[in-house]
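**Q** Okay, handing you the structure first.
Protein chains: 2
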Amino acid sequence: MSVAAEFAKANEGYVKSFGEKASLALPPARKVAIITCMDARIDPAASLGLKEGDAHVIRNAGGRAQEALRSVIISQQLLGTREIVLFHHTDCGMLTFNDDGLRTKLKESVKADVRNAVTPAVDQLSFLPFSNLEQSIKEDVAYLKASPLLLEETKTKITGWVYDVYSGKVTQVA
Amino acid sequence: MSVAAEFAKANEGYVKSFGEKASLALPPARKVAIITCMDARIDPAASLGLKEGDAHVIRNAGGRAQEALRSVIISQQLLGTREIVLFHHTDCGMLTFNDDGLRTKLKESVKADVRNAVTPAVDQLSFLPFSNLEQSIKEDVAYLKASPLLLEETKTKITGWVYDVYSGKVTQVA
Numbered sequence: 309m310s311v312a313a314e315f316a317k318a319n320e321g322y323v324k325s326f327g328e329k330a331s332l333a334l335p336p337a338r339k340v341a342i343i344t345c346m347d348a349r350i351d352p353a354a355s356l357g358l359k360e361g362d363a364h365v366i367r368n369a370g371g372r373a374q375e376a377l378r379s380v381i382i383s384q385q386l387l388g389t390r391e392i393v394l395f396h397h398t399d400c401g402m403l404t405f406n407d408d409g410l411r412t413k414l415k416e417s418v419k420a421d422v423r424n425a426v427t428p429a430v431d432q433l434s435f436l437p438f439s440n441l442e443q444s445i446k447e448d449v450a451y452l453k454a455s456p457l458l459l460e461e462t463k464t465k466i467t468g469w470v471y472d473v474y475s476g477k478v479t480q481v482a
Numbered sequence: 309m310s311v312a313a314e315f316a317k318a319n320e321g322y323v324k325s326f327g328e329k330a331s332l333a334l335p336p337a338r339k340v341a342i343i344t345c346m347d348a349r350i351d352p353a354a355s356l357g358l359k360e361g362d363a364h365v366i367r368n369a370g371g372r373a374q375e376a377l378r379s380v381i382i383s384q385q386l387l388g389t390r391e392i393v394l395f396h397h398t399d400c401g402m403l404t405f406n407d408d409g410l411r412t413k414l415k416e417s418v419k420a421d422v423r424n425a426v427t428p429a430v431d432q433l434s435f436l437p438f439s440n441l442e443q444s445i446k447e448d449v450a451y452l453k454a455s456p457l458l459l460e461e462t463k464t465k466i467t468g469w470v471y472d473v474y475s476g477k478v479t480q481v482a
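Spelled out as structure tokens, the structure:
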């Protein structure tokens with residue numbers, strides 16, 4: 309069975325107990341957007357006490373702010389969020405590689421007949437790895453605070469945190 | 309109190325009951341990457357029966373595949389996932405606007421002294437809205453299946469689903 313089919317099966321129980329969640333509003337009730345990593349060990353709802361309807365949750369490899377900008381603009385302009393909480397985490401995959409290494413690996417993995425064709429595109433891809441966890445958080449918070457495209461009134465409510473995958477604990481660093 | 313401070317408070321309980329999660333491995337146990345929207349009403353773990361450690365979860369405004377590509381490449385190349393399950397959902401904010409309208413709104417919201425300076429960048433931003441839910445899912449699945457940068461062996465295990473925010477139910481459409 310595919311994992312997708314397992315999801316559909318597990319979903320049946322969620323639907324049965326859905327209840328009052330059917331009437332939740334589109335705008336996040338707590339007016340906050342969370343940016344965090346796609347890492348499988350992270351459950352934002354469980355670890356931060358979120359209920360359905362509370363917060364936008366933006367996740368990508370590393371929890372990088374640049375890639376989240378489109379989503380954050382939509383979140384602020386159309387859906388009323390006024391705070392941003394960004395997390396990167398210990399033991400992140402982004403600490404384990406650099407762009408050149410992953411580009412080479414990617415080119416080796418594609419079908420031989422398209423390798424030359426994709427090489428220029430692959431050589432321009434940036435995978436946004438980082439070598440220092442705390443520094444990456446400070447850089448991403450600084451990037452958001454400096455962006456002219458985010459609402460000025462929210463700039464004092466942008467914070468950066470480490471999520472520790474070995475304890476589940478969050479600690480503010482920016 | 310900021311929402312971030314409320315998160316830190318709620319996190320204390322999670323840390324106390326963290327237990328065996330401290331020894332979870334970095335690669336997702338179920339070898340799957342989920343792509344879904346940042347929408348506040350969606351809790352992937354609760355609605356799909358996910359435990360910490362199971363799956364990469366990539367979330368952005370709309371659950372758009374193009375923006376998820378960097379993360380999916382990292383997921384496949386470095387962390388061993390071999391299936392992709394993509395969800396868009398009913399009542400999505402992406403169904404409510406178009407690029408021109410949001411660009412105008414964004415320009416009006418920035419400080420007057422930087423409005424001219426940011427206009428060229430804003431006019432080039434695409435916010436990836438869509439006007440037909442089912443079509444957007446089919447297009448995103450087709451985009452992933454056509455990408456030469458994703459592993460060929462995974463192409464038969466890319467599926468697209470509607471998540472219904474009024475019932476919690478997931479339904480496959482691609």
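Chains as they are written, first to last, in my numbering: chain A, 309 to 482; chain B, 309 to 482.
Here a beta-carbon is modelled for each residue, glycine too, at the ideal position from N, C-alpha and C.
How long is the line joining the alpha carbons of Tyr451 of chain B and Lys339 of chain B, rounded to whole angstroms?
**A** 21 Å
**Q** Just to confirm the assignment, what range does the beta strand (DSSP E) spanning Leu394 of chain A have?
**A** 391 to 397
**Q** Which one or two residues does DSSP pair with Gly468 of chain B in a beta bridge?
**A** B:Leu394
**Q** Please classify Ile350 of chain A: does DSSP put it in a helix, a strand, or coil?
**A** coil
**Q** Taking Cβ to Cβ, would you say Asn319 of chain B is nearer than 8 Å to Leu356 of chain A?
**A** yes
**Q** Give the DSSP-derived three-state secondary structure of Arg338 of chain A in the structure shown.
**A** coil
**Q** Using the C-alpha atoms, what's the distance from Ala333 of chain A back to Pro335 of chain B?
**A** Between Pro335 of chain B and Ala333 of chain A, the C-alpha separation is close to 35 Å.
**Q** Shorter than 8 Å from the beta carbon of Asp448 of chain A to some beta carbon of chain B?
**A** no
**Q** Consult DSSP for Ala313 of chain A and reduce its assignment to one of helix, strand or coil.
**A** helix
**Q** Assuming Ser417 of chain B and Lys465 of chain A are in contact, meaning their beta carbons sit under 8 Å apart, how far apart are those beta carbons, in whole angstroms?
**A** Not really, about 16 Å apart at Cβ, beyond 8 Å.
**Q** Looking only at C-alpha atoms, which of A:Val481, A:Val473, A:Ala348 sits nearest to Gly327 of chain B?
**A** Comparing Cα positions, the closest option is A:Val473.
**Q** Counting C-beta neighbours from all protein chains within 10 Å, is the total for Gly370 of chain B 16 or more, i.e. buried, or is it exposed?
**A** buried
**Q** Using three-state DSSP, classify Ala330 of chain B as helix, strand or coil.
**A** helix
**Q** Please work out which residues of its chain come closer than 6 Å, Cβ to Cβ, to Leu436 of chain B, disregarding the five sequence neighbours upstream and downstream, and give them in chain order.
**A** Gly370, Arg372
**Q** Contact criterion: CB-CB distance below 8 Å. Does Gln432 of chain A meet it with respect to chain B?
**A** no
**Q** Within 10 angstroms of the Cβ of Val422 of chain B, are there 16 or more other Cβ atoms? Answer buried if so, exposed if not.
**A** Looking at its Cβ environment, which holds fewer than 16 other Cβ atoms inside 10 Å, Val422 of chain B is exposed.
**Q** Taking the beta carbon of Gly401 of chain A as the centre, do at least 16 other beta carbons fall within 10 Å, making it buried, or is it exposed?
**A** buried
**Q** Would you check if the distance between the CB atom of Ser444 of chain A and the CB atom of Leu377 of chain A is smaller than 8 Å?
**A** Not closer than 8 Å, so no.
**Q** Hey, Val365 of chain A and Met346 of chain B: beta-carbon distance below 8 Å or not?
**A** yes
**Q** Taking only the alpha-carbon atoms, compute the straight-line gap between Thr389 of chain B and Asp408 of chain B and give it to the nearest angstrom.
**A** 37 Å
**Q** List the residues of chain A that Ala363 of chain B touches, going by C-beta distances under 8 Å, in chain order.
**A** Val311, Ala348
**Q** Could you say which of B:Ala353, B:Thr344, B:Ala348 lies nearest to Gln374 of chain B if we only look at CA atoms?
**A** B:Thr344
**Q** I'd like to know if Phe438 of chain B contacts chain A, where contact means its C-beta is closer than 8 Å to some C-beta of that chain.
**A** no
**Q** Scan the region 363 to 397 of chain A for residues whose Cβ lies nearer than 8 Å to a Cβ of chain B and list them as they occur along the chain.
**A** Per Cβ criterion, the list reads Ala363, His364, Val365, Ile366, Arg367, Asn368, Ala369, Glu375, Ala376, Arg378, Ser379, Ile381, Ile382, Ser383, Gln385, Leu386, Leu387, Glu391, Val393.
**Q** Tell me the residue span of the beta strand (DSSP E) that contains Val449 of chain B.
**A** No beta strand (DSSP E) holds Val449 of chain B; the alpha helix (DSSP H) holding it covers 441 to 454.
**Q** Counting along the chain, where does the alpha helix (DSSP H) carrying Arg378 of chain A start and finish?
**A** 373 to 387
**Q** Using a Cβ-Cβ cut-off of less than 9 Å, give me the residues of the region 398 to 422 of chain B that come near chain A, in sequence order.
**A** Asp399, Cys400, Gly401, Met402, Thr404, Phe405, Leu410, Lys413, Leu414, Ser417, Val418, Lys419, Val422
**Q** Select from B:Arg349, B:Thr398, B:Thr479 the residue whose C-alpha is nearest the C-alpha of Ser439 of chain B.
**A** Ranked by Cα distance from Ser439 of chain B, the options B:Arg349, B:Thr398, B:Thr479 are led by B:Thr398.
**Q** Less than 8 Å between the CB atoms is what I'm expecting for Thr462 of chain A and Gln385 of chain A, so what's the real figure, rounded?
**A** Cβ atoms of Thr462 of chain A and Gln385 of chain A stay farther apart than 8 Å, at about 11 Å.
**Q** Compare the C-alpha of Ala354 of chain A against each of A:Gln480, A:Ile381, A:Gly476 and name the closest.
**A** A:Gly476
**Q** Can you tell me whether Ala482 of chain B is helix, strand or coil according to DSSP?
**A** coil
**Q** What is the DSSP secondary structure of Asn424 of chain B, counted as helix, strand or coil?
**A** helix
**Q** Would DSSP call Ala363 of chain A helix, strand or coil?
**A** Three-state result, Ala363 of chain A: strand.
**Q** Just by C-beta distance, which residues in the region 462 to 478 of chain A are closer than 8 Å to chain B?
**A** Lys465, Thr467, Trp469, Val473, Tyr474, Ser475, Gly476, Lys477, Val478
**Q** Rounded to whole angstroms, what's the CA-CA distance from Asp489 of chain B to Ala348 of chain B? Just pull it up for me.
**A** Outside the displayed span of chain B (309 to 482) sits residue 489 of chain B, for which this structure offers no information.
**Q** Just how far apart, CA to CA, sit Tyr471 of chain B and Val478 of chain B?
**A** 5 Å
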